[in-house]
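Residues in the sequence shown are numbered consecutively from 590, following this note's numbering. Below: the structure, in structure tokens.
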Amino acid sequence: MPPTHDTNLEHLMQQLRDGRLPVEALRSAVTALLDAPDTPPKTLVRVGHDLLNLVQELELSRRGIERARREWTAAIDAVTEPVFLHDREFNIIRANKAYAEAAGLPLPELLGRPYYEVFPKSKGPTHLCQGALETKQLDPAREELHLVDGKVFVSRDYPLRDLRDQYLYSVHLLDDVTEARSAEQALRRSEAMLNRAERLAHLGSWAFDPRSGKMIWSAEVAHIFGLEEQTESGNLETLLRLVHPDDRERVAQTLKGHLTDAVDLDFRIAPFEDLELLIHEHAEPLEGDGAGVVGTFQDVTESRATEAALLQRSLDLGERVKELDTLFKLSRLIDEPGIDAPRLLQQTAALIPVGMQHPERVSVLVELSEHRFHAGCTPFLPGQAEELALPIKIEHRQVGTVAVAVQRGAGEKETIQPEERNMLAAIAERLGHVLGRWQLAQARREAEHKVRDSNALLEQVFENVHLLIAYLDADFNFLRVNSAYAAIEGQLPAYFVGKNHFALYPNAENEAIFRRVVRSGERFQVQAKPFSYPNHPEWGISYWDWTLTPVKNEQGVATGVVLALLDVTERTRAEGEVHRSETSLKQAQAIAHLGNWDWNIVSNELAWSDEIYRIFGLHPQQFGATYIAFLERVHPDDRQAVIDAVNHAVAQHTPYGIVHRLVRPNGDIRVVREQGQVTYGPEGQPLRMVGVIHDITQIVQAEAMSQRLGRILDHAPTLVLVLDAATLLIVQVNEGTAQRLGSPSQNLLGHSVAELLGEVDLARLRSEGACLRSGETTQAQFDIELHPHHGDPFPAEVRLSYAADEPTPLLLLIAQDITQRKQTEAELLATLRALKTISTCNKTLIHAVDETRLLGDICKLVVEVGGYPMAWVGLARQDERRTVDPVAWASNSGEDVTQEFIASLEPSWSVDTPKGYGPAGRAIRTGAPVVLDVTDPDFEPWRELATEHGFASALALPLTSEGIPLGALTIYADQPQLFTEAEIAILSELADDLAFGMTTLHTRAARHHAEHLAHQRMEQLGRAMEQTIRAIALTIEKRDPYTAGHQLRVADLAAHIAQEMGLLPEQIEAIHMGGQIHDIGKIYVPAEILGRPGTLTTNEMNLIRAHPEIGHEIVAGIEFPWPVADIIRYHHERLDGSGYPDGLKGEAIPLEARVLAVADVVEAMASHRPYRPGWGIEPALAEVEANAGTLYDRDAVAACLRLFRERGYVIPPPEERAIPNP
């Protein structure tokens, strides 16, 4: 074998090792070597050896590849995110399990399919995939994909290439970031909500970096400190200069980072003049030395004021809360099951100090029978404490005591407060109720034991008792009766069994009671119920005490009833007689608060009637009826006087009579009058004394109250007059009435109240008095005007009532001076009227478009809404006389009267004429509101005129713009001094808004005029531009008529094509204008070449082909409103790049140029040229149709074909060409 063959084989084997040679190429080379007849044996052996080594190397490589493939498969399957590989046709060649799960398909069905049809689905491959094929990017590309189901994936594309830099495949790693994106959106929403929350809470955050000295803050901090909200950072001094000087150093220490722990402080700032805010700062140091400080500022001005008010309220409620808390604990203790009396008393004693103001100084002792329980401090020595003992009562009977002692503090007079006394009284009362319930429960339990022990005895009693007893089922059938029940009917008990009660004794009322007992399960009892026997009417009516008791099963349902009857006919009749007598006596005594008593002097026994017990506040069982016990109830200060009066009556044989006080057990003091008579024995010894006692407490109190009321009314600011109801003469007045009316009381008494009232008010008083006397009303309330004898009249609010139970019927007139209230109401009404006026006028200002109409509307609204009688607007003229020209007005007097008034004003704002000192003139000169009453000297020129029209005062408000007077708004009132300061301030705001509206309308009118001039200028420039283009076309026509005519025809056709394509009007105009001069570059081509018949040379053709570039250079410096230069340059470009001058392709050619190119070809082929005849329109259309999409724009060609074949378009002569109307 020649050396060249050997060397060639080695070279091929090395290429195979490098992967740059297919195995088939090597096999062909080896076969050729073996088939050659001149190949030496040694060479064959060496070749075989080399081939064997090569096979071993290839096998090792194959195993390595297989191992790498298995490792790669395991690696991508271990990735939890979807991973897939695709080739250059974007078909899937590998994928992991996560990708198959995401796609919802088995792995074998994925391979070989375009990935965009599997997952994630889309219309085609991603832009990054397409770019990876065309560029040689090595870095991974990242693209975010949004799926239809709302999920979001980030695709990371890793393109891989071989050693020859040829594209192999791309690896896509899909990362599901749906939750991350949702979290980002939630974070953005949270940030927005945080900003909103900061604004609502007046809370702003900040951070300070001490190393840079810079501070950043939120928008709310800027808002609080009165800074521009877009200012989010600045130096420390920006904020500190707004801090109150007394607080500045404290705040600076927290902001400059000198903190080791969090700090809270309050400080004051003054963001605006006359405004001081209270700010709460919370600051915390960041971790790390000098790392900085972060914190918040909160405007707490309003909240601190509210806290102060609440603190005062809480102090007021504090004592009541203590009381309620103690009572709550006691109530909860009482409700515990199984509690006994000793335990209750012990825990009550422990609870009482908790509710006291000074629990450490309280000693409590609770006593009940033999039980005594102490809590709190050791009992004090006498004089060291204030003591209070309260009785524990069960049904008005004292059973124990709650004794409380509180150690006196230094300088204290009263250590037990009134609310504490009320609390202790409530506790003692509650203890009595609970102990009563406890005793009842004890008694009930004992009774139950006795019942269980007496069941046997009950059966005997059932048969032998004199009560009539019957046992019935739930339907009221007799189950059993005792012998007494049967005997009343003369029957045996067995007679009733099974019979229905109401069949024997029909009674609808009783049956309803029986059914209610069965239904409710509650016992019914009635005494002395009348009953008549239906079978024995001759027996008459009898009276029975009867009880109806339900018999219940284990579920608590009534299964029957037990009826017990007791005949009380005789007793009822006797008791009725006695009761009627006693009732009459008791009623008389109760009405008169009069009781009778009988004292046996010999036995010292004392008998009282029920009314006396009520007067003394005693229960008969609580009082030992003796003379000594009676004296103990007499007030200590009156006791000796009572003893002396009794002794005197007994010794002197005179009637007994005295008025004295007595003390009830609860501490109440009553006043009584006693009268009595002594009865003597045969030997003159006193035997008994009988008498009556009369409770006159209310009479005494009423007399004292009458005296106190008289003193109070005399010093009260309220006017009180007592009038004779019939004559309205003044019977009585208090001292306040005399002082306010300016007359002594004696000068008013006996005079008629008519002297103090006008006719209208007097008629109202008589009318209301008549209604009261007739009973139609019980009290009247109305306003009047009182006329004092000395001083000005004043308004008063009257309350009138009628006293018919006096010997002479009286009217009580109570009057309150409401002058201040009326003034306040008038000011408030004026302010509300002004606010309503400005609110309505501002709505008109917003929609105003014309100044004259605006001023008229404002005047009309001031009158109609504000309720003012007249308003007018005068403009300040800058003439020599400085005239105020009324331009708008309105009044409630009619247009004719108003115009007459306005014509008579002749106002001015000059200082040289008296009419320049009226309200309008002065307001314009001074720039401030002016109020004048018609009585003012400066109002003299118009006083008579204003008075005739009912005007009493006027308010003039200046209208200014940036300090320049525009005029004045003048408002009239029908009362003097009517305009309040608040009303003037609000109406001044209205004038400012009106002046601003006038200025805005002036500015708007000037802007509209300028815009109109600019629009006219633009139209002129457009016409000039169009005329310029036509001039250029005419210039070309002078040099080459065929070229000029061609341009105009192409422009017309191209414009119609653009319109047919539905392009925008500005695009149609651009194509038409560009078409008129698209061949302007031919001006540099000699006319001999342009019009020469025959074939042109190469140089001549190159010269002609240069006309697009030359035309572009000619118009490039002209600022057309259309892309004329690009249309000229590219109108000979073709879609396939075969055009000139730049060889552009497809979409790179501007649309306007593509449209013009179609029109240029059609017109050129269809029209005659000096060097050839025209081919006609059909060959021209065939040309563009055949090359649509290749050379010419497909849409433009289609539109052109429709124009000629469907619309009947014909290329017009030059004189008929015009741009189509889009």
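Ideal placement from N, C-alpha and C gives every residue a C-beta, glycine not left out. Small disclaimer: the values here were computed from a predicted structure and weren't measured.
Here's a check: name, in chain order, each residue in its chain whose Cβ is nearer than 7 angstroms to the Cβ of residue i, leaving out the five neighbours to either side.
i: T890; result: L866 and L867
i: G1728; result: H1721 and E1722
i: Q1656; result: A1647 and E1741
i: V1773; result: V1747, V1750, V1751, Y1781, V1786 and C1789
i: D798; result: G881
i: L829; result: R837, V840 and A841
So the candidates are the options; which of them puts its Cα closest to the Cα of residue i?
i: P1654; options: I1693, P1710, T1687 and E1484; result: P1710
i: S1493; options: P1530, R1514 and D1525; result: P1530
i: A667; options: H675, A687, D676 and R683; result: A687
i: T1004; options: L1020, N1011, E975 and P874; result: E975
i: N1099; options: Q1114, I1738, Y1719 and T1158; result: Q1114
i: L750; options: W795, Y705, G815 and H675; result: In the sequence as presented, Leu is not what sits at residue 750; that position holds Arg. R750 has its Cα closest to that of H675, out of W795, Y705, G815 and H675.
i: A1240; options: R1162, Q973, V943 and Y1269; result: Y1269
i: E670; options: H735, S711 and L763; result: L763
i: F1847; options: Q973, L1310, K982 and R932; result: A query on residue 1847 cannot be resolved here, the shown segment of the chain reaching from 590 to 1811 and no further.
i: V810; options: G884, Q1605 and R950; result: G884
i: V1639; options: V943, R1511, A1509 and P1801; result: P1801
i: A1014; options: A978, M1278 and L1548; result: A978
i: V580; options: A859, E870, I858 and D863; result: With the chain represented from 590 up to 1811, any question about residue 580 goes unanswered, as that position is not in the structure.
i: I1669; options: L1692, L1679, I1717 and A1580; result: I1717
Quick test of your reading: residue i and residue j, contact by CB under 8 angstroms. State the CB separation rounded to the nearest angstrom.
i: T1779; j: D1731; result: With 8 angstroms as the limit, T1779 and D1731 do not qualify as a contact, their Cβ atoms being about 18 angstroms apart.
i: L1583; j: E1440; result: Between E1440 and L1583 the Cβ distance is about 10 angstroms, and since that is not below 8 angstroms, they are no contact.
i: V1140; j: V1106; result: That pair is no contact at about 10 angstroms.
i: L1093; j: A1073; result: 17 angstroms between Cβ atoms; not a contact.
i: G1145; j: G1110; result: 7 angstroms
i: H1224; j: H1249; result: 7 angstroms
i: S1756; j: H1635; result: 7 angstroms
i: G1505; j: P1554; result: That pair is no contact at about 13 angstroms.
When you compare only the Cα positions, how much space is there between residue i and residue j?
i: I1573; j: P1526; result: 22 angstroms
i: A808; j: D850; result: 26 angstroms
i: H1242; j: I1232; result: 15 angstroms
i: G1339; j: Q1328; result: 17 angstroms
i: Q1264; j: A1234; result: 10 angstroms
i: I1204; j: A1196; result: 14 angstroms
i: T1687; j: S711; result: 52 angstroms
i: R702; j: I665; result: 19 angstroms
Once the 5 residues before and after residue i are set aside, which same chain residues still bring their CB inside 8 angstroms of it?
i: M543; result: A query on residue 543 cannot be resolved here, the shown segment of the chain reaching from 590 to 1811 and no further.
i: A721; result: A730, D746, P748, Y756 and S759
i: V766; result: E733, V741, F742 and V743
i: P1082; result: R1069, V1070, N1071, S1072, Y1074 and A1075
i: L1318; result: L1312, G1339, H1340, S1341 and V1342
Note down, in chain order, each residue of its chain lying with its Cβ closer than 6 angstroms to the Cβ of residue i, except the 5 sequence neighbours on either side.
i: P591; result: Confidence is the limiting factor: at P591 the pLDDT is only 45, short of 50, which leaves the residue's position unreliable, though a coordinate-based value still follows. Nothing meets the Cβ criterion.
i: K1734; result: G1726
i: A1753; result: none
i: T1136; result: Q1114 and A1153
i: Y1561; result: P1458, M1459, F1540 and A1543
i: F1085; result: F1067 and V1070
Worksheet item: Does the pairing of the segment 1657–1664 with the segment 1672–1683 give three or more beta-carbon distances under 8 angstroms?
Response: no
Practice prompt. Please determine if the segment 1540–1548 and the segment 1517–1524 are in contact, where contact requires at least 3 C-beta pairs separated by less than 8 angstroms.
Written response: yes
Worksheet item: If you pair each beta-carbon of the segment 1451–1459 with each one of the segment 1474–1482, do three or more pairs fall below 8 angstroms?
Response: yes
Fill in: the segment 1281–1290 touching the segment 1256–1263, judged by at least three CB pairs closer than 8 angstroms
yes
Worksheet item: Pairing CB atoms from the segment 797–806 with CB atoms from the segment 824–835, are three or more of them under 8 angstroms?
Response: yes
Practice prompt. Kindly confirm or deny that the segment 981–991 and the segment 956–966 touch, where touching means at least three C-beta pairs closer than 8 angstroms.
Written response: Output reads yes: the segment 956–966 touches the segment 981–991.
Worksheet entry | Three-pair Cβ contact test at 8 angstroms for the segment 1352–1371 versus the segment 1382–1390 | yes
Practice prompt. Check whether the segment 1464–1472 touches the segment 1425–1432, taking contact to mean three or more Cβ pairs, one atom from each stretch, closer than 8 angstroms.
Written response: Contact fails between the segment 1464–1472 and the segment 1425–1432, because fewer than three Cβ pairs, one in each stretch, are under 8 angstroms apart.
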